[in-house]
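Enquirer: Chains as they are written, first to last, in the working numbering: chain A, 146 to 667; chain B, 398 to 678; chain C, 414 to 727.
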Amino acid sequence: MTFGRLVSRGIILALLAVVLLGGPALAADAPKRGGVLRVGNLGEPPALDAHWTTASITETLTNHLYEGLYSLDASNRPIPMLAEGHTVSRDGLTYTFKLRQGVKFHNGKEMTSEDVVASLARWGKQSIYGKALFAQVVEWKAVDKYTAEMKLKEKSAIVLISLAVPNNFGAIYPKEIAEKFPPEIKVTEYVGTGPFKLAEWKPDQYIRMVRFDDYKARNEKPNGYGGGKTAHLDEIRWIPVPEVATRVAQVETGELEFADDLNLDAYDRLTKNPNVRPLVSKPYYWLVAVFNKKEGLMTNQKLRQAWQAALDIEPIMKNVAGGKAEFYRMDSSLAPVEITAWHTKLAGLPWNERNRDKARRLLQEAGYKKEPIRFMTTQEYKWMYDFALLTKQQLEDAGFTIDLQVVDWATLVKRRNNSKEYDVFTTGMGAFYDPTHHIYLTASWPGWTTDEDILRLQAELARETDPKKRMTLWEQQTRQFYEKVPVIRYGDLFGLRGIRNTVKGFNEKTERIRFYNVWLEQ
Amino acid sequence: MSEAPRRSWSRRLLSNRNVVAGLLILTVVVAAALAADLVSTHDPRRLDPPSRLSPPSAAHYLGTDEFGRDVWSLVIHGSRVSLAVGLTTMLLTSLGGILIGLVAGYYRRLDLPLMRVMDGLMAFPAILLAIALMAARGPGVWNVIFALSVVYTPRTALLIRSTVLSIRETDYVQAARALGRRDLGVAVRHILPNCVGPLLVQGSFIFAYAILAEAILGFLGVGVPPYVPSWGNVIASGKNVIREAFWVSLFPGVALTLSGLSLNLLGDGLRDTLDPRLRVP
Amino acid sequence: MTAYLVRRILALVPVLAVVVTVVFLLIHLIPGDPVSVMLGPDATPAQIQATRQALGLDRPLPEQLLKFYARMLRGDLGQSYFLDRPVTTALLERAEPTLVLTVSALLVAVVIGVPSGIVAAARPGSLWDRFLMLSALLGVCVPGFWLSLNFIYLFAVRLGWLPAAGYASLLVDPLAALRYMVLPAVSLGFSQSALIARISRSCMLEALQQDYIRTARAKGLSQGTVTWIHAFRNALVPVVTVIGITTAILIGGAVVTEIVFNIPGLGRLIISAVFRRDYPVVQGVILVTATAYVLINLVVDVLYVFIDPRIRYE
Chain A
146 MTFGRLVSRG IILALLAVVL LGGPALAADA PKRGGVLRVG NLGEPPALDA HWTTASITET
206 LTNHLYEGLY SLDASNRPIP MLAEGHTVSR DGLTYTFKLR QGVKFHNGKE MTSEDVVASL
266 ARWGKQSIYG KALFAQVVEW KAVDKYTAEM KLKEKSAIVL ISLAVPNNFG AIYPKEIAEK
326 FPPEIKVTEY VGTGPFKLAE WKPDQYIRMV RFDDYKARNE KPNGYGGGKT AHLDEIRWIP
386 VPEVATRVAQ VETGELEFAD DLNLDAYDRL TKNPNVRPLV SKPYYWLVAV FNKKEGLMTN
446 QKLRQAWQAA LDIEPIMKNV AGGKAEFYRM DSSLAPVEIT AWHTKLAGLP WNERNRDKAR
506 RLLQEAGYKK EPIRFMTTQE YKWMYDFALL TKQQLEDAGF TIDLQVVDWA TLVKRRNNSK
566 EYDVFTTGMG AFYDPTHHIY LTASWPGWTT DEDILRLQAE LARETDPKKR MTLWEQQTRQ
626 FYEKVPVIRY GDLFGLRGIR NTVKGFNEKT ERIRFYNVWL EQ
Chain B
398 MSEAPRRSWS RRLLSNRNVV AGLLILTVVV AAALAADLVS THDPRRLDPP SRLSPPSAAH
458 YLGTDEFGRD VWSLVIHGSR VSLAVGLTTM LLTSLGGILI GLVAGYYRRL DLPLMRVMDG
518 LMAFPAILLA IALMAARGPG VWNVIFALSV VYTPRTALLI RSTVLSIRET DYVQAARALG
578 RRDLGVAVRH ILPNCVGPLL VQGSFIFAYA ILAEAILGFL GVGVPPYVPS WGNVIASGKN
638 VIREAFWVSL FPGVALTLSG LSLNLLGDGL RDTLDPRLRV P
Chain C
414 MTAYLVRRIL ALVPVLAVVV TVVFLLIHLI PGDPVSVMLG PDATPAQIQA TRQALGLDRP
474 LPEQLLKFYA RMLRGDLGQS YFLDRPVTTA LLERAEPTLV LTVSALLVAV VIGVPSGIVA
534 AARPGSLWDR FLMLSALLGV CVPGFWLSLN FIYLFAVRLG WLPAAGYASL LVDPLAALRY
594 MVLPAVSLGF SQSALIARIS RSCMLEALQQ DYIRTARAKG LSQGTVTWIH AFRNALVPVV
654 TVIGITTAIL IGGAVVTEIV FNIPGLGRLI ISAVFRRDYP VVQGVILVTA TAYVLINLVV
714 DVLYVFIDPR IRYE
């Protein structure tokens, strides 16, 4: 055997070795098709109609079944989803949307502009974001089979972003379904274009979604909530487990592959478990106490300012976060850090002043005579109850009298619409991708912010299209917020999720969970 | 039987081991409830975030919960809610039972319809009824008391009724009626004293069950508001951190068991002493 | 005996009528207007009035009550607001888990309780007797839900022997169903087993005192035969009663067990319905459980007749 032959043989053997040994290692990163992913969540969705409600559970579930014209990329900017693209007229008043072709609904029908027009018209009548956008829309119609046109009253900054937000979103339904169900009535037929379709819904037991074989994916790589989506899994099974302790236990023992909305105290336990991994989601919610500014004690601005002055936010956040610094963040910006476009770093804001003297002075100026302030909260979102209880103690030490009313979430949501029934209520805000989406700065959302300056700035923000000018307006709005105190902003709370090691491909960066592009390592 | 001298009664009672044991434990619980402020080391409602989830120590005998509240003080003060609910339920069911049982036993024409109504009311599982009331009226301790009273008054009524029936035909009652004594007078002087025994026995078990029911409903979140110290509320708050801080759910559970134990022992002992015939349903 | 049975069944009618009336009253205890609660805050006055008329809530109370009876007799329990299906369907979907849980807990209670009671009665005063009766006493006093929490922590999370929560249908996967049922059935059945143990013991003791037992012993029959065959039959009567009562208690206790173990039964249904203000479902669950109790009592009474020949005539 010549030396040359030896070398070439050696090289071949070496290559073989690399392929044989390295192959499986490489293949381990390749997605596997098949399997059932069991996800434990907080409870039943009030509806599977994306247009109908802002509930987080509905948002998560419907984003697997339906798609909108646009979606959000990894930087929270709108990117096309069902739309191919769009053009805007010179005067900025006409938006022409070109749709992708050959996109199928779950019932086999092809998506056309008729479906898009009907769906978004319905969305425009019911959804918070839809109503805000369509308030500016003069005409919305189909031009040809794959083109739709929107004519506006005045220039708007919020067209694409409104069509892209995942919450309460402009899901595209078949025209027949969009027209069959009036906007106030939830749809009960679930047909969309998403990578999964609804197989079975047994309330309080499970919701089963199976792979939609005729899903037409976009060609790009996955990007944030958008881009290419592949359903590797055969089935996602969403299981409502209202008891958080049970959810944690079940992901630990393997009865669930994924558990959402866990209590932060479980972090250490999940870290120690060799089969499970804790995921910290940022942001999760930022906590607010919303004042009733229509009638009652808190119509008095000085009283609201006193509340803001008295609070020492950090110990509250720390306790809500299970005592761990990694689970909360102190920030006065109205848009969290992750919403890079709108995050502000302003100095001199009266946030977290922890100034009892100032609070007492303001209480006196307000003429407060220790009347009980009705503070409504719920235990169903544990962190709401936690920060309410801690707030109560701090405020009472500062001279307030707080009547804490603990009700169930359904009652809270109902009561907060009635200005006679409360003075303050707790809630958490998710991420708003645009300044005009901050619902607590509107006159129609519970709490009823009617301050002239705030409303004027919101209207300007909707009209102004230049990003730099919008940021200036937004900073002005932030200062107004802290002076007029429509709600109290606490800190940012992070969330805890549990994921088993067999689950691969999960995007940990998005705010809410998605299971397309995810596969199971068997 | 009501003519028997009282002396031997109390002596018999106190010589029964169960009665003594039960009374002893119950006294401790009641004393803790009455002297709650003295026996507690902290204000049970005071939140102290820096010391959250601390294990038992000299500073906090039974540790702290997720808000830093002292578990010892919570358990001591929690006894107040439990005892209040238990006592109120017991009194209401006794009063209601006496009223209905007397009427049913005395007036034959009302007996049958009343008994059917009693049968109907007894059919409701007390816990479910309390939960259903919560849907209508919102959470609160009166749901518990009301639901339990509705379901347990019939049992007491049956007991009273059977005592009435058995005594009604005795000679001295017949004589009293023949003499023209009013029904109420006869009832109070001759019948009620005989009911005291069974009432106490029944009452002990109802008391025990009411305490447990209050804890169950508190645990489910449909009882007293969650920031009011009660055993059910504390167990509920501890269930999410049972791995990290087992003491939060543990000690109120022990307190519950002990209270139940004392009342069951008392009930057993009273039954053995006062009327061995009552032993089997 | 037939006369007794007939009378017993006829007696059901007024009892069930009372049950239905109480269930009817439940919804009318709501302060304020049930219809606006039902339709939500965005309902217009016109919608509220229309719904009120459609539901017949604008008619006088007695008329509503009669209509309610009529509906109950037809088996029409109304429509669930939240679940978008008839209440009857929702109840049927959830009945199986609760039934399985109740029966399993009952089995646990009987299998632990009856032998314990008999063994204790066989050697009264012995160490065995004392130990069993002390355990039974504790068992009665320990809260079931607290036991559930500790069981989950010990057996599921720490030891990993059993699943922490969940449910599988017996018809679909019997082995998994069994595994999921162990902890819930034991924590629910344990406190009832205590009661059954104590009752069994006292009944056995009484039965053992009977004359004919003494005679049998005098005749020289072995201890074992005497204890187990003759006395047992007599002890059966009160034990059957207790089983009846136990079932009723279990139906109520199942609620908490279902919550803690995430079992999709009637207990979880009523809790969710309460929080969602789904009144028809709440009424439906209460009605079904109360009726079940009444029927179980009927069955127990009938069994009595067969087991105890002394009760032939009232």
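Just so it is clear, CB atoms sit at the ideal spot from N, CA and C, and this is done for glycine as well.
Please name the residue, chosen from C:514, C:482, C:603, that lies closest to residue 592 of chain C on a Cα-to-Cα basis.
Expert: Residue mapping note: residue 592 of chain C aligns to position 179 of the third sequence, counting from 1. Nearest C-alpha to residue 592 of chain C: C:514.
Enquirer: Measuring straight from C-alpha to C-alpha, what distance separates residue 481 of chain C and residue 437 of chain C?
Expert: One-based indexing of the third sequence puts residue 481 of chain C at position 68. One-based indexing of the third sequence puts residue 437 of chain C at position 24. Cα to Cα, the separation comes out at about 7 Å.
Enquirer: In the structure shown, what three-state DSSP assignment does residue 231 of chain A receive?
Expert: Locating residue 231 of chain A in the first sequence gives position 86, counting from the first residue. Three-state result, residue 231 of chain A: strand.
Enquirer: As a quick exercise: from A:409, A:414, A:318, A:307, pick the residue whose alpha carbon is nearest that of residue 259 of chain A.
Expert: Here residue 259 of chain A refers to the residue found at position 114 of the first sequence. Nearest C-alpha to residue 259 of chain A: A:318.
Enquirer: Return the chain-ordered list of same chain residues with a C-beta closer than 6 Å to the C-beta of residue 587 of chain A, the five sequence neighbours on each side being excluded.
Expert: The residue labelled residue 587 of chain A in the question sits at position 442 within the first sequence. Same-chain partners within the cutoff: there are none.
Enquirer: Fully enclosed by the stretch 433-482 of chain A, which alpha helix (DSSP H) runs are 4 residues long or longer?
Expert: As far as the stretch 433-482 of chain A is concerned, its whole alpha helix (DSSP H) runs of at least 4 residues are 446-455, 458-465.
Enquirer: Identify the contact partners of residue 390 of chain A in chain B, using a Cβ-Cβ distance below 8 Å as the criterion.
Expert: As a first step, residue 390 of chain A must be located in the first sequence, where it is residue number 245. Simply 636, 637, 639.
Enquirer: What residue range does the beta strand (DSSP E) around residue 548 of chain A cover?
Expert: Here residue 548 of chain A refers to the residue found at position 403 of the first sequence. From DSSP, the beta strand (DSSP E) with residue 548 of chain A extends over 546-552.
Enquirer: Give me the chain C residues within the contact set of residue 418 of chain B, using Cβ-Cβ distance strictly less than 8 Å, ordered along the chain.
Expert: As a first step, residue 418 of chain B must be located in the second sequence, where it is residue number 21. Neighbours of residue 418 of chain B on chain C: none; closest Cβ ~10 Å, over 8 Å.
Enquirer: Tell me which residues share the same chain as residue 471 of chain C and place their Cβ nearer than 7 Å to its Cβ, disregarding the 5 neighbours each side in the sequence.
Expert: Start at 1 with the first residue of the third sequence, and residue 471 of chain C comes out as number 58. Here the set comprises 465.
Enquirer: Along the stretch 548-579 of chain A, where does the CB come closer than 9 Å to a CB of chain B? Name the residues.
Expert: Going along the stretch 548-579 of chain A in chain order, one finds 549, 550, 551, 552, 553, 556 with a Cβ nearer than 9 Å to chain B.
Enquirer: Compare the C-beta of residue 650 of chain B against all C-beta atoms of chain C and say whether one is closer than 8 Å.
Expert: Counted from its first residue, the second sequence places residue 650 of chain B at position 253. It does: the Cβ of residue 650 of chain B has a partner Cβ on chain C nearer than 8 Å.
Enquirer: Can you list, in chain order, the residues of its chain with a C-beta nearer than 7 Å to that of residue 523 of chain A? Leave out the 5 residues immediately preceding and following it.
Expert: Stepping through the first sequence from its first residue, residue 523 of chain A is reached at position 378. For residue 523 of chain A, where only same-chain residues beyond five positions count, the Cβ hits under 7 Å are 529, 530, 551, 552, 553, 554, 557.
Enquirer: Identify each residue in the stretch 543-566 of chain C for which the Cβ-Cβ distance to at least one residue of chain B is less than 9 Å, and report them in chain order.
Expert: Correct list: 550, 551, 553, 554, 555, 556, 557, 558, 559, 560, 562, 563, 565, 566.
Enquirer: Which ranges would you report for the alpha helix (DSSP H) in the stretch 280-318 of chain A if only whole runs of at least 4 residues count?
Expert: Those alpha helix (DSSP H) runs which fall completely within the stretch 280-318 of chain A and span 4+ residues are 304-309.
Enquirer: Could you work out which residues of chain A lie near residue 688 of chain C, taking near to mean beta carbons separated by less than 7 Å?
Expert: Here residue 688 of chain C refers to the residue found at position 275 when the third sequence is read from its first residue. Result: 553, 555.
Enquirer: For residue 441 of chain C, count neighbouring Cβ atoms within 10 angstroms of its own Cβ and tell me buried if that reaches 16, exposed if not.
Expert: As a first step, residue 441 of chain C is located in the third sequence; it is residue number 28 there, counting from the start. When all chains shown are included, residue 441 of chain C counts as exposed.
Enquirer: Would you list, in sequence order, the uninterrupted alpha helix (DSSP H) runs of no fewer than 4 residues that lie entirely inside the stretch 499-586 of chain A?
Expert: Here the runs fully enclosed are 501-511, 527-542, 554-560.
Enquirer: Name, please, each residue of chain A whose Cβ falls closer than 7 Å to the Cβ of residue 440 of chain C.
Expert: Here residue 440 of chain C is taken as the residue at index 27 of the third sequence, counted from 1. Near residue 440 of chain C there are no residues of chain A at all, since even the closest Cβ is about 17 Å away, more than 7 Å.
Enquirer: Span of the beta strand (DSSP E) holding residue 225 of chain A?
Expert: Residue 225 of chain A sits at position 80 when you count from the first residue of the first sequence. Run containing residue 225 of chain A: 223-225, per the beta strand (DSSP E) assignment.
Enquirer: For residue 681 of chain C and chain A, any beta-carbon pair shorter than 8 Å?
Expert: For this step, residue 681 of chain C is matched to residue 268 along the third sequence. It does; some Cβ of chain A falls within 8 Å.
Enquirer: Among the candidates B:438, B:655, B:488, whose CA atom is the shortest distance from the CA of residue 468 of chain B?
Expert: Against the second sequence, residue 468 of chain B aligns to sequence position 71. Comparing Cα positions, the closest option is B:438.
Enquirer: Cβ of residue 702 of chain C less than 8 Å from any chain B Cβ?
Expert: What you label residue 702 of chain C is simply residue 289 of the third sequence in a count that begins at 1. It does; some Cβ of chain B falls within 8 Å.
Enquirer: Of the choices B:664, B:610, B:667, whose alpha-carbon is the least far from that of residue 481 of chain B?
Expert: Locating residue 481 of chain B in the second sequence gives position 84, counting from the first residue. Minimum Cα distance to residue 481 of chain B is reached at B:610.
Enquirer: Find the residues of chain C that neighbour residue 333 of chain A, judging by a C-beta separation of less than 8 Å, and give them in chain order.
Expert: As a first step, residue 333 of chain A is located in the first sequence; it is residue number 188 there, counting from the start. What residue 333 of chain A touches in chain C: 497.
Enquirer: Pairing CB atoms from the stretch 498-518 of chain C with CB atoms from the stretch 666-686 of chain C, are three or more of them under 8 Å?
Expert: Output reads yes: the stretch 666-686 of chain C touches the stretch 498-518 of chain C.
Enquirer: Using DSSP bridges, identify the partner residues of residue 207 of chain A.
Expert: Against the first sequence, residue 207 of chain A aligns to sequence position 62. DSSP lists no partner for residue 207 of chain A.
Enquirer: For residue 652 of chain C and residue 433 of chain C, I'd like the C-alpha separation in whole angstroms.
Expert: Locating residue 652 of chain C in the third sequence gives position 239, where the first residue counts as 1. Locating residue 433 of chain C in the third sequence gives position 20, where the first residue counts as 1. Their backbone Cα atoms lie some 30 Å apart in a straight line.
Enquirer: Are the C-beta atoms of residue 590 of chain C and some chain A residue less than 8 Å apart?
Expert: To locate residue 590 of chain C, count along the third sequence from 1; it is residue 177. It does not: the Cβ of residue 590 of chain C has no partner Cβ on chain A nearer than 8 Å.
Enquirer: Once the 5 residues before and after residue 307 of chain A are set aside, which same chain residues still bring their CB inside 6 Å of it?
Expert: For the purposes of this step, residue 307 of chain A is taken as the residue at position 162 of the first sequence. Counting only Cβ-Cβ distances below 6 Å, and skipping sequence neighbours, we find 274, 278.
Enquirer: In terms of residue numbering, what span does the beta strand (DSSP E) encompassing residue 216 of chain A cover?
Expert: Reading the first sequence from its first residue, position 71 is the one you call residue 216 of chain A. Run containing residue 216 of chain A: 215-217, per the beta strand (DSSP E) assignment.
Enquirer: In whole angstroms, what separates the C-alpha of residue 596 of chain A from that of residue 503 of chain C?
Expert: As a first step, residue 596 of chain A must be located in the first sequence, where it is residue number 451. As a first step, residue 503 of chain C must be located in the third sequence, where it is residue number 90. Rounded to the nearest angstrom, the two C-alpha atoms are 48 Å apart.
Enquirer: Does any C-beta atom of chain A lie closer than 8 Å to the C-beta of residue 624 of chain B?
Expert: Within the second sequence, the letter at position 227 stands for residue 624 of chain B. Chain A contact via Cβ: present.
Enquirer: Nearest-angstrom Cα distance between residue 299 of chain A and residue 563 of chain A?
Expert: Reading the first sequence from its first residue, position 154 is the one you call residue 299 of chain A. Reading the first sequence from its first residue, position 418 is the one you call residue 563 of chain A. So the alpha carbons of these two residues sit roughly 34 Å apart.
Enquirer: Pull the bridge partners of residue 467 of chain B from the DSSP assignment, please.
Expert: For the purposes of this step, residue 467 of chain B is taken as residue 70 along the second sequence, with counting starting at 1. Residue 467 of chain B pairs with B:461.
Enquirer: Would you mind listing the beta strand (DSSP E) stretches within the stretch 599-640 of chain B that are 3+ residues and don't spill past its ends, in chain order?
Expert: Counting whole runs of 3 or more residues, the stretch 599-640 of chain B contains no beta strand (DSSP E) stretch at all.
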